[in-house]
Amino acid sequence: MSPALMVPLSEFMMGMGALRQARYVNNHLFQHLKRFTSEQQSMSVDVIRKAYQATEEGFLSLVTRQWPTNPQIAAVGSCCLVGVICNGTLYIANLGDSRAVLGRVVKATGEVLSIQLSVEHNASIESVRQELHSLHPDDSHIVVLKHNVWRVKGLIQISRSIGDVYLKKTEFNREPLYTKFRLREPFRRPILSSEPSISVHPLKPQDQFIIFASDGLWEHLSNQEAVDIVQNHPRNGSARRLVKTALQEAAKKREMRYSDLKKIDRGVRRHFHDDITVIVVFLDSNLVSRASSVRCPNVSVRGGGINLPPNTLAPATPTEASST
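In full-length UniProt numbering, the protein residues as written are 1 to 324.
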């Protein structure tokens, strides 16, 4: 049987203990994905949706248990971008504003073009604001332009996440939650959603690699710029190279040297650039084609947060890097 490759990318956003929550998402989502794949003996959009839902429900249970002693956990949330390769098919699921971009060769010219695979849920996108207004027609402040940035209820830029239950369950939007997270009036329906956007892409021989990255990378690099960097350099260190290039751009915008930016304490550096997490998955077209004829009910390997032994990934090989 051909194993599926899962690439999870979780990015914490706000609240205390957020890094721990991102790890919670990575670990539990992977386990749920394995369980539902085994139960249905196949990979599908439904399997991925159920895995997201189970992860969200599990974190809600954790918040409920910890609320009496650690109420600020209600304000912890995570974006979550997942890629699953199975049977020559790529599944992309996303919550929040991380992004997956494919590099595909144009046969006629040899040029490698960027193709965005994921849908983002950020209030800066007009269609997202329209969706929020349609879901909350009675709330004129569902999205607010604050300091030139669109935010949901003036608090958060993303409209979908795992966690952030203070904007999903009104019983967690009260004291002793910090005042900055509390709304003046109780809400009747969840403000944020945990429903991922899922797309399915049959892999082609000309598909070279996939870049999975948090919004911190895309603030400084376009899709095509990122694809060009990966394509024009050796595979080894691709993710780290993307992070470095983005940080160099961030330093340039601040009119400072990259070396000086790197010296800034991590706790302070957040004021200069957003956190950046990158995973690059290189595709072997021959092995992907061969795997397309084999069912893969077992999800046995993954990328993102762990080191994989060589030769375990039949159709793809991930490299990763991050900056905080």
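Glycine residues also receive a C-beta, built at the ideal position from the N, C-alpha and C atoms.
task: Classify histidine 32 as helix, strand or coil using the three-state DSSP reduction.
output: Here histidine 32 sits in helix by DSSP.
Where the beta strand (DSSP E) containing aspartate 207 begins and where it ends: Counting along the chain, the beta strand (DSSP E) containing aspartate 207 begins and ends at 207-213.
field: Cβ pair residue 326, aspartate 275 closer than 8 Å
entry: Nothing in the structure corresponds to residue 326, since the chain is present only between 1 and 324.
query: Based on Cα-Cα distance, which residue from Ser134, Asn148, Val152, Glu131 lies nearest to asparagine 141?
result: The sequence shown places histidine at residue 141, rather than the asparagine named in the question. The option with the nearest alpha carbon to histidine 141 is Val152.
message: Please report the distance separating the alpha-carbon of histidine 147 from that of lysine 180.
response: Answer to the nearest angstrom: the Cα atoms are 16 Å apart.
task: Find out if the Cβ-Cβ distance for the pair aspartate 207, arginine 49 is shorter than 8 Å.
output: 8 Å or more divides the Cβ of aspartate 207 from the Cβ of arginine 49.
message: Within 10 Å of its beta-carbon, does residue 326 have 16 or more other beta-carbons around it, so buried, or fewer, so exposed?
response: Because the chain in this structure spans residues 1 to 324, residue 326 falls outside the shown range and cannot be described.
- request: Return the Cβ separation of phenylalanine 212 and leucine 283 in integer angstroms, given the expectation that the two are a contact with Cβ distance under 8 Å.
  value: Actually they are not in contact, since the Cβ atoms of phenylalanine 212 and leucine 283 sit about 13 Å apart, beyond 8 Å.
field: Closest residue to alanine 226 among Gly237, Ile85, Thr245, Arg235 (Cα-Cα distance)
entry: Cα-wise, what sits closest to alanine 226 is Thr245.
message: Quick check: the Cα distance between glutamine 130 and leucine 183, rounded to an integer number of angstroms?
response: Answer to the nearest angstrom: the Cα atoms are 21 Å apart.
- request: Please name the residue in Ser222, Arg235, Pro234 whose C-alpha comes closest to that of valine 101.
  value: The shortest C-alpha separation from valine 101 is found at Ser222.
query: What do you get for residue 379, buried or exposed, if any count of 16 or more other CB atoms within 10 angstroms of its CB means buried?
result: The requested residue 379 is not part of the displayed model; the chain covers only 1 to 324.
message: Which same chain residues end up closer than 8 Å to valine 45 when comparing Cβ atoms and leaving out the 5 residues on each side of it in sequence?
response: The beta carbon of valine 45 sits closer than 8 Å to the beta carbons of Tyr91, Ile198, Val200 from its chain, once the five residues preceding and following it are set aside; these are given in chain order.
task: May I ask you to list the residues that DSSP assigns as paired with alanine 93?
output: Residue pairing for alanine 93: DSSP places it in a beta bridge opposite Val82, Ile198.
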